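S.K.: When we follow the working numbering, the leftmost residue of the sequence shown carries the number 25, and every step to the right adds one.
From the three backbone atoms N, C-alpha and C, an ideal C-beta is built for every residue, glycine too.
The model shown is predicted, which means the values in this text are computed figures rather than measured ones.
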Amino acid sequence: MSTEQLLKHIDKLPKVPKVVQELMELVNSEGSDMSQISNKIALDQVISARVLRLSNSAHFGRSRSVASVDEAVIRLGLSPIRTLVTASALMSAFPEIEGFDLNEFWATTFEVATLCKVVAKEVKADQNEAFTAGMLHNIGDLLIYSAYPDKASKVELHMETGKTKPEAQQIVLNTDNAELGGALARSWKFADSLVDAIAHQYRAVQGDSFSQLAAIINFSSKVDTHWDNLVDGEAKLTWLNHQLEYSMLGLSENVIDVIDEARGTGRDMANSLL
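1. Entirely within the region 42-100 and at least 4 residues each: give me those alpha helix (DSSP H) ranges in chain order.
2. Just to check my reading of the structure: Gly205 and Ala223 have Cβ atoms closer than 8 Å, yes? What is that Cβ distance to the nearest angstrom?
3. Mind checking which residues open and close the alpha helix (DSSP H) that includes Arg287?
4. In the structure shown, what three-state DSSP assignment does Ser233 receive?
5. Between which two residues does the alpha helix (DSSP H) holding His182 run?
6. Does the pairing of the region 147-156 with the region 167-174 give three or more beta-carbon distances under 8 Å?
7. What separation, rounded to the nearest whole angstrom, lies between the Cα atoms of Asn127 and Leu261?
8. Under the rule that 16 or more other beta-carbon atoms within 10 Å means buried, what is Thr188, buried or exposed?
9. Would you check if the distance between the CB atom of Val44 and the CB atom of Asp68 is smaller than 8 Å?
10. Does DSSP put Ser128 in a helix, in a strand, or in coil?
11. If you follow the alpha helix (DSSP H) that Leu204 is in, where does it begin and where does it stop?
12. Apart from the five residues on each side of it in sequence, which residues of its chain come closer than 7 Å, Cβ to Cβ, to Ala135?
13. Might you give, ordered along the chain, the residues of its own chain that have their beta carbon closer than 7 Å to the beta carbon of Thr156, omitting 5 neighbours on each side?
14. Quick one, which of Arg210, Tyr226, Gln236 and Ile65 has its alpha-carbon nearest Gln193's?
15. By the DSSP assignment, the alpha helix (DSSP H) with Ala221 in it spans what residues?
16. Are the CB atoms of Val300 and Leu108 nearer to each other than 8 Å?
17. Where do the N-terminal and C-terminal ends of the alpha helix (DSSP H) with Lys187 fall, by residue?
18. Whose C-beta lies closer than 6 Å to the C-beta of Ile62 among residues of the same chain, with five residues either side of it excluded?
19. Pick out whichever of Phe124, Ile71, Glu122 and Gly123 has its Cα sitting closest to the Cα of Pro104.
20. Which first and last residues belong to the alpha helix (DSSP H) in which Ala157 is found?
21. Tell me whether the beta-carbon of Ala215 lies closer than 8 Å to the beta-carbon of Ser235.
22. Out of curiosity, what's the CA-to-CA distance linking Ala294 and His266?
Pasting the structure below:
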């Protein structure tokens, strides 16, 4: 089975709503102002509700709750609004999948995206692009579980024998979630830099070229998987020194404190939106 065959099933998935696509373009435009963004958000009930919920959450809340989209947008600021619009677009694009814990998927996705953002800050890369890449990095999995749940089960069986996820997916599907995610991102007209980073997240070095963003995705995903099992700073540093992306990205030991501080905030954000 090829990536192209799997991508034929995209038409079975709900499309990203037009207003959300327009909103994503708006929040990423240099010339946009908050009033334009507020007016566009007000056209989508789901995003409006999420904006209000997030603005009144413990992370952003003040003594007085806000009840209007205009006030919520001002309270949140442009960067969190970008985050929220990207997340809502992706969350709107996928339905419930039988036998698949979509809440856990989004919690993990938000956590990896948050880690991508803080790692990007450490290496002076574009934080918003890194967050979006993190939000997109595993969307290929959703296509697999949506289109071929029986094959997804076979992938899980291979993983139980010790295969990595991409290894297991290649055995069963002759493709993997990275290749599928890159193709999906391209079909949704995301930037080429994002498409390439998602598609090559397991192989940040391609010939003579190196994708910093792909390395950020893979490193952040590994951190999410392993970090909580590392008992102290010494164990964390030892683990970091065994990760190729740690040296590729030129990270310092200071990233331990950065990760510790950020840990869990992505899951908290997901819980406030779901």
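M.R.: Quick answer:
1. Counting only runs of 4 or more, we get 42-51, 58-65, 69-79 and 93-100.
2. Contact flag correct, Cβ pair sits at about 7 Å.
3. Careful: Arg287 lies outside any alpha helix (DSSP H) and carries neither H nor E.
4. Reduced to three states, the DSSP call for Ser233 is strand.
5. Judged by DSSP secondary structure, His182 falls within the alpha helix (DSSP H) whose first and last residues are Pro173 to Glu184.
6. In this structure the region 147-156 does not lie against the region 167-174, because fewer than three pairs of beta carbons, one per stretch, are closer than 8 Å.
7. Leu261 has its alpha-carbon roughly 31 Å from the corresponding atom of Asn127.
8. Under the 10 Å beta carbon count, Thr188 is surrounded by fewer than 16 other beta carbons and is classified as exposed.
9. For Val44 and Asp68, yes; Cβs fall inside 8 Å.
10. The amino acid occupying residue 128 in the given sequence is Glu; Ser does not appear at that position. Helix, per DSSP.
11. Where Leu204 is concerned, the enclosing alpha helix (DSSP H) stretches over Asn201 to Ser211.
12. A small correction: the amino acid at residue 135 is Glu; Ala does not occupy that position in the sequence shown. Counting only Cβ-Cβ distances below 7 Å, and skipping sequence neighbours, we find Asp248, Gly290 and Arg291.
13. Once the five neighbours on either side are set aside, the close Cβ partners of Thr156 are Thr110 and Leu218.
14. Measuring C-alpha to C-alpha distances from Gln193 to each of Arg210, Tyr226, Gln236 and Ile65 identifies Tyr226 as the nearest.
15. Unbroken alpha helix (DSSP H) run through Ala221: Asp216 to Ala223.
16. The structure shown does not extend to residue 300, since the chain spans only 25 to 298, so no value can be given for it.
17. The continuous stretches of alpha helix (DSSP H) do not include Lys187, and DSSP gives it neither H nor E.
18. The amino acid at residue 62 is misidentified as Ile; the sequence shows Ser. If we look at Ser62 and ignore the five residues flanking it on each side, its Cβ neighbours are Val93, Asp94 and Val97.
19. By alpha-carbon distance to Pro104, the top candidate from Phe124, Ile71, Glu122 and Gly123 is Ile71.
20. Taken as a continuous stretch (DSSP letters only), the alpha helix (DSSP H) holding Ala157 covers Gln151 to Leu160.
21. Not in contact: Ala215 and Ser235 (Cβ atoms no closer than 8 Å).
22. Taking the straight line from one Cα to the other gives about 30 Å.
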